[in-house]
Every structure is written in structure tokens, then in C-alpha cells.
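Step one of this worksheet: look at the structure below.
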Amino acid sequence: MKPVAVIDFETTGLSPALGDRATEVAIVILEGDQVVGRFQSLMNAGVRISPFIEAYTGISNEMVQAAPPAEEVMAEAARFVGATPMVAHNASFDQRFWEAELERLGSDTPAQPPFACTLLLSRRLYPEAGSYKLGSLAAFHALPSSGRAHRALADAEVAAALLARIQGDLQRDYELEHVPHELLLKVQKAQRKAVPKAIRSYFQAGSKP
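Its first residue numbered 1, the sequence shown is counted upward by one per residue in UniProt numbering.
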């Protein structure tokens with residue numbers, strides 16, 4: 001099983017296009033169902049955290065003022081990930097901040113394939129879950145908690161555990177030896193009823209289970 005990098009950001013808001021910045025990043029490297037590496041850091045992007053966001057994440061202005069500069073943290077995070085394909089829960093959010101923060105470095109960074117998304121995958125595979133928030137899915141699958149929700153490392157750990165569950169269920173239900181990142185991308189784009197067809201077409205295109 002090739003490794004994947006499960007990432008989570010805490011931020012000052014919802015969109016880098018509106019001037020929001022990252023305040024914390026965490027990355028968990030997952031091989032199969034085993035965590036083989038972790039990276040976590042607060043970062044100082046020189047922007048103020050609102051009282052609402054401070055209450056939501058537990059990250060204060062004082063905490064980020066004492067943290068390393070965002071550019072330094074993101075450069076280290078990019079080196080840590082390298083070319084490893086990435087995964088996140090509600091991945092469009094994290095991918096936007098990953099790309100926006102790396103763009104600020106002003107240097108070439110490795111091109112990343114699209115992020116696989118544990119939220120989209122869960123919608124395809126677990127229609128009975130009801131809610132697809134990370135905490136709700138963790139409770140639905142009885143996944144272990146590793147700290148306060150809405151802190152980057154705790155959320156990345158839970159997302160990694162959710163990904164391992166998704167991969168294991170796909171392996172069991174479709175008799176697969178492994179579930180590569182490219183297959184996750186194909187499954188998350190499929191309609192729920194078309195997931196079996198998407199898996200068959202992936203392997204018929206020349207990949208091996």
C-alpha cells in the first residue's frame with residue numbers, strides 16, 4: 001500500500017480568496033491502516049483571529065504570535081509531503097488553503113494531484129450515516145478520538161482513521177488487495193449507485209487490484 005498524506009488546516013475563516021489565512025496545519029502519513037509519520041505546527045500569518053474562531057478552534061492570537069512564520073511552516077510541510085498524494089475531510093477547503101499558502105512562498109512547489117475527500121467518499125459508501133461531519137462519522141464508525149476537535153492534528157488523526165476504514169470496507173466489499181489514491185478519486189466522483197461500475201472500470205482500464 002503506497003502512503004497517502006492526510007491533511008487538516010485550522011484557519012481564520014472559510015476562504016483564502018477573502019484574505020483568510022491558515023493558523024495551524026497537521027499532516028498524518030498513512031500506509032494501509034498504519035500511521036507512519038506526523039507533522040504539526042501552529043503558524044503566524046500576521047493576521048488577527050476573531051473571538052468566534054478562537055472559541056471554535058481554541059487557537060488564540062497569543063498562540064500564533066509565538067508560532068513560526070507561515071512561510072517557514074508551509075515550506076517544511078511541503079518538504080514533509082513531497083509528492084505523496086493527499087487526502088482531507090471536506091478536501092476542497094484544505095486544498096484551497098494548501099495551494100494558497102504554498103503560492104505565497106514564491107517558489108516552485110511539487111504539483112499535487114487532486115485531493116481525495118473522505119467526506120465525498122463517505123457520502124458514496126455510507127448512506128445510512130445521516131451526517132457527514134467528521135465528528136459524526138467518527139461516532140458512526142466508533143473511531144477513536146485523539147484530542148480536541150477543530151485542532152489540526154486531532155482532526156487529521158480522525159480523518160486518517162476514517163480513511164483507513166473506507167479503504168478497508170472497499171477492500172472487503174469488492175475483494176480488492178489494495179485501494180490506491182487514484183481509485184479513491186474515481187469513487188468519490190461516481191454517483192452512489194455507480195460505485196461498483198466505477199471500481200470495475202478502474203481495473204478494466206489496466207490497473208491491478
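Ideal Cβ placement from N, Cα and C applies to all residues, glycine included. Fair warning: this is a prediction, and the values are worked out from it, not measured in the lab.
Check: Ends of the alpha helix (DSSP H) at THR57?; Outcome: 51 to 57
Check: For GLY41, which option in ASP33, GLN65, PRO51, TYR56 has the closest C-alpha, if you only look at C-alpha atoms?; Outcome: The question names Gly, but residue 41 is Ser in the sequence shown. When only C-alpha atoms are compared, the closest one is GLN65.
Check: Please report the residue range of the beta strand (DSSP E) in which GLN40 lies.; Outcome: 34 to 42
Check: Assign LEU153 to one of two classes, buried (16 or more other C-beta atoms within 10 Å of its C-beta) or exposed (fewer than that).; Outcome: buried
Check: Could you pull out every residue in the same chain whose Cβ sits closer than 7 Å to the Cβ of ASP169, ignoring the five residues on either side in sequence?; Outcome: LEU125
Check: Identify every run of the alpha helix (DSSP H) within the segment 51 to 129, keeping only runs that are complete inside it and at least 4 residues long; order them along the chain.; Outcome: 51 to 57, 61 to 65, 70 to 81, 91 to 103, 118 to 125
Check: Run through the DSSP bridge pairs and tell me what GLU31 is partnered with.; Outcome: GLN34
Check: With a cut-off of 8 Å on the beta carbons, I'd call HIS150 and THR118 a contact; round off their distance for me.; Outcome: Incorrect: roughly 16 Å between the Cβ atoms, too far for contact.
Check: Identify, in the order they occur along the chain, each residue of the same chain with its Cβ nearer than 6 Å to the Cβ of ALA138, setting aside the five sequence neighbours on each side.; Outcome: VAL158
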